[in-house]
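2 protein chains.
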Amino acid sequence: MTYKTHARIDGPLVMIGFGSIGRGTLPLILRHIDFDRDQFTVIEPSSEYAGLLAEHGIKHLQLALTEANFAETLRSLFPNGQGFVVNLSVDVDSIELMKLCQTLGVQYIDTVVEPWPGFYFNSPLPNAERTNYPLREKVRALGKSYPGGPTAVSCCGANPGMVSWLLKEALLRLAADTGVKADPKTQADWALLAMTLGVNGVHIAERDTQVSARPKPQGTFVNSWSVDGLLSEGYQPAELGWGTHEKKLPPNGHKFKSGPGYAIWIDRPGADTRVRSWCPDVGPQFGLVVTHNESLSIPDYYTVWDGPRALYRPTCHYAYHPCPDAILSLHETNGAGKLPENKHILTADEITEGGDDLGVFIYGHAKGAMWYGSRLTIAEARALAPYQNATGMQVTSAVLAAMVWVAENPRMGFVEADEMDHARCLEVQRPYLGRIECHYTDWTPLQNRINRFAEDRDDSDPWQFTNFLAV
Amino acid sequence: MTYKTHARIDGPLVMIGFGSIGRGTLPLILRHIDFDRDQFTVIEPSSEYAGLLAEHGIKHLQLALTEANFAETLRSLFPNGQGFVVNLSVDVDSIELMKLCQTLGVQYIDTVVEPWPGFYFNSPLPNAERTNYPLREKVRALGKSYPGGPTAVSCCGANPGMVSWLLKEALLRLAADTGVKADPKTQADWALLAMTLGVNGVHIAERDTQVSARPKPQGTFVNSWSVDGLLSEGYQPAELGWGTHEKKLPPNGHKFKSGPGYAIWIDRPGADTRVRSWCPDVGPQFGLVVTHNESLSIPDYYTVWDGPRALYRPTCHYAYHPCPDAILSLHETNGAGKLPENKHILTADEITEGGDDLGVFIYGHAKGAMWYGSRLTIAEARALAPYQNATGMQVTSAVLAAMVWVAENPRMGFVEADEMDHARCLEVQRPYLGRIECHYTDWTPLQNRINRFAEDRDDSDPWQFTNFLAV
Numbered sequence: 001m002t003y004k005t006h007a008r009i010d011g012p013l014v015m016i017g018f019g020s021i022g023r024g025t026l027p028l029i030l031r032h033i034d035f036d037r038d039q040f041t042v043i044e045p046s047s048e049y050a051g052l053l054a055e056h057g058i059k060h061l062q063l064a065l066t067e068a069n070f071a072e073t074l075r076s077l078f079p080n081g082q083g084f085v086v087n088l089s090v091d092v093d094s095i096e097l098m099k100l101c102q103t104l105g106v107q108y109i110d111t112v113v114e115p116w117p118g119f120y121f122n123s124p125l126p127n128a129e130r131t132n133y134p135l136r137e138k139v140r141a142l143g144k145s146y147p148g149g150p151t152a153v154s155c156c157g158a159n160p161g162m163v164s165w166l167l168k169e170a171l172l173r174l175a176a177d178t179g180v181k182a183d184p185k186t187q188a189d190w191a192l193l194a195m196t197l198g199v200n201g202v203h204i205a206e207r208d209t210q211v212s213a214r215p216k217p218q219g220t221f222v223n224s225w226s227v228d229g230l231l232s233e234g235y236q237p238a239e240l241g242w243g244t245h246e247k248k249l250p251p252n253g254h255k256f257k258s259g260p261g262y263a264i265w266i267d268r269p270g271a272d273t274r275v276r277s278w279c280p281d282v283g284p285q286f287g288l289v290v291t292h293n294e295s296l297s298i299p300d301y302y303t304v305w306d307g308p309r310a311l312y313r314p315t316c317h318y319a320y321h322p323c324p325d326a327i328l329s330l331h332e333t334n335g336a337g338k339l340p341e342n343k344h345i346l347t348a349d350e351i352t353e354g355g356d357d358l359g360v361f362i363y364g365h366a367k368g369a370m371w372y373g374s375r376l377t378i379a380e381a382r383a384l385a386p387y388q389n390a391t392g393m394q395v396t397s398a399v400l401a402a403m404v405w406v407a408e409n410p411r412m413g414f415v416e417a418d419e420m421d422h423a424r425c426l427e428v429q430r431p432y433l434g435r436i437e438c439h440y441t442d443w444t445p446l447q448n449r450i451n452r453f454a455e456d457r458d459d460s461d462p463w464q465f466t467n468f469l470a471v
Numbered sequence: 472m473t474y475k476t477h478a479r480i481d482g483p484l485v486m487i488g489f490g491s492i493g494r495g496t497l498p499l500i501l502r503h504i505d506f507d508r509d510q511f512t513v514i515e516p517s518s519e520y521a522g523l524l525a526e527h528g529i530k531h532l533q534l535a536l537t538e539a540n541f542a543e544t545l546r547s548l549f550p551n552g553q554g555f556v557v558n559l560s561v562d563v564d565s566i567e568l569m570k571l572c573q574t575l576g577v578q579y580i581d582t583v584v585e586p587w588p589g590f591y592f593n594s595p596l597p598n599a600e601r602t603n604y605p606l607r608e609k610v611r612a613l614g615k616s617y618p619g620g621p622t623a624v625s626c627c628g629a630n631p632g633m634v635s636w637l638l639k640e641a642l643l644r645l646a647a648d649t650g651v652k653a654d655p656k657t658q659a660d661w662a663l664l665a666m667t668l669g670v671n672g673v674h675i676a677e678r679d680t681q682v683s684a685r686p687k688p689q690g691t692f693v694n695s696w697s698v699d700g701l702l703s704e705g706y707q708p709a710e711l712g713w714g715t716h717e718k719k720l721p722p723n724g725h726k727f728k729s730g731p732g733y734a735i736w737i738d739r740p741g742a743d744t745r746v747r748s749w750c751p752d753v754g755p756q757f758g759l760v761v762t763h764n765e766s767l768s769i770p771d772y773y774t775v776w777d778g779p780r781a782l783y784r785p786t787c788h789y790a791y792h793p794c795p796d797a798i799l800s801l802h803e804t805n806g807a808g809k810l811p812e813n814k815h816i817l818t819a820d821e822i823t824e825g826g827d828d829l830g831v832f833i834y835g836h837a838k839g840a841m842w843y844g845s846r847l848t849i850a851e852a853r854a855l856a857p858y859q860n861a862t863g864m865q866v867t868s869a870v871l872a873a874m875v876w877v878a879e880n881p882r883m884g885f886v887e888a889d890e891m892d893h894a895r896c897l898e899v900q901r902p903y904l905g906r907i908e909c910h911y912t913d914w915t916p917l918q919n920r921i922n923r924f925a926e927d928r929d930d931s932d933p934w935q936f937t938n939f940l941a942v
């Protein structure tokens, strides 16, 4: 089979980290990006997949990047003021890498604003500062120092990343379906469109149904993607973009004391903060408000300003239903009150059925609510590309799309997914997303209760966050 | 193999309900109780297991007992003022059956105070009245009308039931291990012993680890025992015996407005009310505060009165970790906000591994905390008796033990498990309980947190309910 080459990358191509997402991204890069094979280096401390790299003729620098060695290491790999860093690692500070890449004249992409070790666990910081808001604000502030610098994409996998592109398609679809004229070009146009459509909020609504025939072993945390990744973000405080229609903070909810204030945080772990949400496969379901960059970038991007006052902003957060084994793992981990000793990522081979539905659930508009997203089964994922399950495929294909866009737009400075060309990115990614579907529903979070119990309920407005939250 | 006959039952023996517990109880009755085979009738509306009954030469009255037909039906089955009713049904009012059995001169046992349909779901009653407290108070009041009547055991399966016997063994063990002299004979003696030992509270602490090789089908509620049973009690309000050491009601917690007030209720479903608890297999774990009769009978039985004032009473509640498929089912059901359409009970054949640890976790005493209970694997259960998994075996063997005790004590009027001879009952039951183990631990609910989040925490006393509750 031949694949379309979407772009060429000149100079050294360095991938940092070769975990489940790195391995899954590899075949997509090989298929769709033109580059010099002898210029491709993977920096990865583990030797577990050294054979795979050797097989593909890719250099393996077996090393853990640290505060002490990262600058020297990367300087030596990029001697000529060109090249590309694909950062898919954990425990390597994204902001430090982004600064260095600007200095080296190198393009950059990552999927999360990752800090050095010591932030996610056992941190001396107060909870307000263990959120993503200060991390993102730091990236945004730094970006202002590098206008027109080498393009550096912050936080672009499936989510954060792809979901911002899907949101734009969803808004255009909603505009078309409700007879609203729409031809947004700028950030202000898009924000105005969301306001005009009456969108109160956006869930990043995911249902992962991938299962294996082996019951989850007791004491092992099982997930369909990085266990460390889920634990890190899951035990940050829950965090969400805070819409202008919201009347009341949730219990233990806090505003941020500085910055533009598009978000709030809740003083409980995202991995244990449930909301009522909706996905096409099952309808109403619980999702977890795990903090993510898109919960911040989307409300920021879609704010309509009236001078210093936010006239409009949607609420936005992740509503994540992980795979069944991860639900059990979180229950076990929360119940034990300590991090798991054993970790396992379900491979495409061992998953017997299920898939991943990942999209945006936008609510409050003329048609009530709409889910718009990718529905990809494990069987489809297996047929599309090696080394990954459905969850991985949605991430790696977004990384590919972003790399293509960066190659085509090499001097944009710091950007997030919301600021990229969603149509071009989805054009590249779409073959890997299974079915992109649009579902309208008349469900609201005020519906469906088994008996009646005490709850903080606002019957005058179904779309208040208080109605979604199930504590 | 020959089995010891423990008792003889004269006259008609009628089992109402032939679900998973009825079927599992059958072989134990056949083994250990002497009765006339042609006097045994099972009343069960379903024909699913008619063949099994026929095989054993047991009459099958295929009928659903209702308010309209129950009295006439039972009158015709007990014409001679003797016999025994084993009520293992759902949707048949226990209190009405108990009254009728007194009139008919018939012994009686059940495992729950079951109401007619309309109580558990879609009830017009306020939540305070959908609890077990008023049901139990009604039984206790009724019992006062029948002193020396035919013995009628209310609520005697594994829990409620067996756990009350285990609690007595545990208290004697704790007394021996801490050098406290103990020879309790009366209720007052037992209550005084618990007070002397400094027991602040009792969890009925269960961990069910039974799993099958088939992943839980989406949309199907899977459990290791009656799905209807779990749903019924799980969507009653959480309810617990309220110790005299407790300083503060939990959020949405309420005292009862009438009666002796040994319990409180929480205005949230027990199936969604988590406590930090402890079981020997895994150590710290979440348990669910599903309401149960033992959460009421134990604090009532162990109250030390000083005139009208309760001088001492332990906190007591269920801390139930159901099997993994039931955890997933509850997450799905709570998230959907509606009852499941499909239900499945895991059979002994399809369970591949795991077992059920069910015991009492008693805390606050000189040795900190102790778990004492039955640890029974699926392999052991399969080897012991047909038609049941480990969970069922702990219930059915308690029903057997209670039947034996009733046969030996035929005119005790209304009793609960706490009032029976625990030593005799456990003597009958023990061969079916796997290993009875005693574990001390220095764990407290103040230990083990992943990062720190807002919580209502009382560091001055680890054994306050507020420290156990994880909302």
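Chains C and P supply the protein sequences, listed in that same order. Under this note's numbering, the residue at position 351 of the first sequence is numbered 351, and the numbers go up by one with no gaps. With the second sequence counted from 1, adding 471 to any position gets you this note's numbering. Using N, Cα and C, we set each Cβ at its ideal position, and we do this for glycine too.
For Thr220(C), three-class secondary structure by DSSP: The residue given as residue 220(C) occupies position 220 in the first sequence. Secondary structure at Thr220(C): strand, using DSSP grouped into helix, strand and coil.
Top-ranked residue by Cα proximity to Glu600(P), from Ala850(P), His725(P), Ala856(P) and Ile849(P): Reading the second sequence from its first residue, position 129 is the one you call residue 600(P). Of the listed residues, the one whose Cα sits closest to Glu600(P) is His725(P).
Interfacial residues, the segment 315–349 of chain C to chain P, with Cβ spacing under 8 Å: His321, Pro324, Ile327, Leu328, His331, Glu332, Thr333, Asn334, Gly335, Ala336, Gly337, Lys338 and Leu339
For Cys316(C), the nearest candidate out of Ala176(C), Thr178(C), Phe361(C) and Gly201(C) (CA to CA): For the purposes of this step, residue 316(C) is taken as the residue at position 316 of the first sequence. Answer by Cα proximity: Gly201(C).
Three-pair Cβ contact test at 8 Å for the segment 788–801 of chain P versus the segment 680–691 of chain P: At 8 Å Cβ cutoff, the stretches touch.
Cut-off 6 Å between Cβ atoms - residues of its own chain near Tyr474(C), not counting five sequence neighbours on either side: There is no way to answer for residue 474(C), as the model of chain C reaches only from 1 to 471.
Beta carbon proximity, Arg375(C) to chain P, threshold 8 Å: In the first sequence, counting from the first residue as 1, residue 375(C) sits at position 375. For Arg375(C), the answer is no, since every Cβ of chain P falls outside 8 Å of its Cβ.
Bridge partners - Gly589(P), DSSP secondary structure assignment: Position 118 of the second sequence, counted from the first residue, corresponds to residue 589(P). Answer is none; Gly589(P) lacks a bridge partner.
For Gln62(C), three-class secondary structure by DSSP: As a working mapping, residue 62(C) is identified with position 62 in the first sequence. The answer is coil: DSSP assigns Gln62(C) none of H, G, I, E or B.
Secondary structure of Gln436(P), DSSP reduced to three states: Nothing about residue 436(P) can be reported from this structure: the residues present for chain P run from 472 to 942 only.
Contiguous alpha helix (DSSP H) assignments of at least 4 residues, all confined to the segment 562–586 of chain P: 565–575
Host alpha helix (DSSP H) of Pro269(C) (start-end): Counted from its first residue, the first sequence places residue 269(C) at position 269. Unbroken run through Pro269(C) is the beta strand (DSSP E), Ala263 to Pro269; no alpha helix (DSSP H).
Counterpart residues of Phe361(C) in DSSP-defined beta bridges: Residue numbering aside, residue 361(C) sits at position 361 when the first sequence is read from its first letter. According to DSSP, Phe361(C) bridges with His203(C) and Trp371(C).
Contact set between Ala662(P) and chain C, taken where Cβ atoms lie within less than 8 Å: Numbered from 1 along the second sequence, position 191 holds the residue referred to as residue 662(P). By Cβ distance, chain C contributes nothing, its closest Cβ being about 32 Å from Ala662(P), past 8 Å.
Nearest candidate by alpha-carbon position, reference Val404(C), set Thr151(C), Leu52(C), Val222(C) and Phe221(C): Residue mapping note: residue 404(C) aligns to position 404 of the first sequence, counting from 1. Among Thr151(C), Leu52(C), Val222(C) and Phe221(C), the Cα nearest to that of Val404(C) is on Thr151(C).
Own chain, CB closer than 7 Å to Gly105(C), minus 5 neighbours either side, in chain order: In the first sequence, residue 105(C) corresponds to position 105, counting from 1. Result list for Gly105(C): Gly81, Gln82 and Pro150, in chain order.
Residues sharing a beta bridge with Asn805(P), DSSP: As a first step, residue 805(P) must be located in the second sequence, where it is residue number 334. In DSSP, Asn805(P) forms no bridge with anything.
Residue span of the beta strand (DSSP E) that contains Leu288(C), given as start and end: Within the first sequence, residue 288(C) is the residue found at index 288, counting from 1. Element bounds for Leu288(C): Gly283 to Leu288.
Residues from the segment 137–151 of chain C in contact with chain P, defined by Cβ distance under 7 Å: none
Buried or exposed (CB count within 10 angstroms, at least 16 for buried), Arg745(P): Numbered from 1 along the second sequence, position 274 holds the residue referred to as residue 745(P). Arg745(P) comes out buried.
Residue interval of the beta strand (DSSP E) (run including Tyr783(P)): Translated into positions along the second sequence, residue 783(P) becomes position 312. Here the beta strand (DSSP E) through Tyr783(P) covers Arg780 to Tyr783.
Through-space distance from Lys248(C) to Asn918(P), alpha-carbon basis: If you number the second sequence from 1, residue 918(P) lands on position 447. If you number the first sequence from 1, residue 248(C) lands on position 248. The question names Asn, yet the displayed sequence has Gln at residue 918(P). Taking the straight line joining both Cα atoms gives about 33 Å.
Near the ligand NAP: Ile204(C) beta-carbon under 7 Å from a heavy atom: No copy of the ligand NAP appears in this structure; indeed no ligand is present at all.
Separation of Gly161(C) from Gln429(C), as counted between CA atoms: Here residue 429(C) refers to the residue found at position 429 when the first sequence is read from its first residue. Here residue 161(C) refers to the residue found at position 161 when the first sequence is read from its first residue. Rounded to the nearest angstrom, the two C-alpha atoms are 11 Å apart.
Counterpart residues of Trp776(P) in DSSP-defined beta bridges: Here residue 776(P) corresponds to residue number 305 of the second sequence, with the count starting at 1. Answer is Ala781(P), bridged to Trp776(P).
Ile197(C) vs Leu167(C) beta-carbon contact at 8 Å: Translated into positions along the first sequence, residue 197(C) becomes position 197. Translated into positions along the first sequence, residue 167(C) becomes position 167. The sequence given here has Leu at residue 197(C), not Ile. Cβ atoms of Leu197(C) and Leu167(C): not closer than 8 Å.
Residues that Tyr986(P) contacts on chain C, provided the C-beta gap is smaller than 8 Å: What is shown of chain P runs 472 to 942, which leaves residue 986(P) out entirely.
CB contact flag (Ile500(P), Ala478(P), <8 Å): Sequence index remark: in the second sequence, residue 500(P) carries index 29 (1-based). Sequence index remark: in the second sequence, residue 478(P) carries index 7 (1-based). Against a cut-off of 8 Å, the Cβ pair of Ala478(P) and Ile500(P) comes out as no contact.
Thr73(C) in three-state terms, based on DSSP: Position 73 of the first sequence, counted from the start, is the residue given in the question as residue 73(C). Thr73(C) falls in the helix class under three-state DSSP.
Segment contact, 8 Å Cβ cut-off, at least three pairs: the segment 482–489 of chain P with the segment 512–524 of chain P: Touching, yes, given that three or more Cβ pairs across the two stretches are closer than 8 Å.
Partners in chain P for Thr441(C), counting only beta-carbon separations shorter than 7 Å: Mapped onto the first sequence, residue 441(C) falls at position 441. What Thr441(C) touches in chain P: nothing, since even the nearest Cβ is about 13 Å away.
For Ile849(P), the first and last residue of its enclosing alpha helix (DSSP H): Within the second sequence, numbered from 1, the residue matching residue 849(P) stands at position 378. Residues Ile849 to Leu855.
Cut-off 6 Å between Cβ atoms - residues of its own chain near Asp93(C), not counting five sequence neighbours on either side: Walking along the first sequence from the start, residue 93(C) turns up at place 93. Within the same chain, Asp93(C) has close Cβ partners Pro115 and Trp116.
Option nearest Tyr318(C) by Cα separation, candidates Pro308(C), Gly355(C), Ala263(C) and Glu350(C): Within the first sequence, numbered from 1, the residue matching residue 318(C) stands at position 318. The shortest C-alpha separation from Tyr318(C) is found at Ala263(C).
Those residues which DSSP pairs with Ile351(C) across a bridge: On the first sequence, residue 351(C) is found 351 positions in, with the first residue counted as 1. Beta-bridge analysis with DSSP links Ile351(C) to Ser212(C).
Three-state secondary structure (DSSP) of Lys609(P): As a position in the second sequence, residue 609(P) is number 138, starting the count at 1. Reduced to three states, the DSSP call for Lys609(P) is helix.
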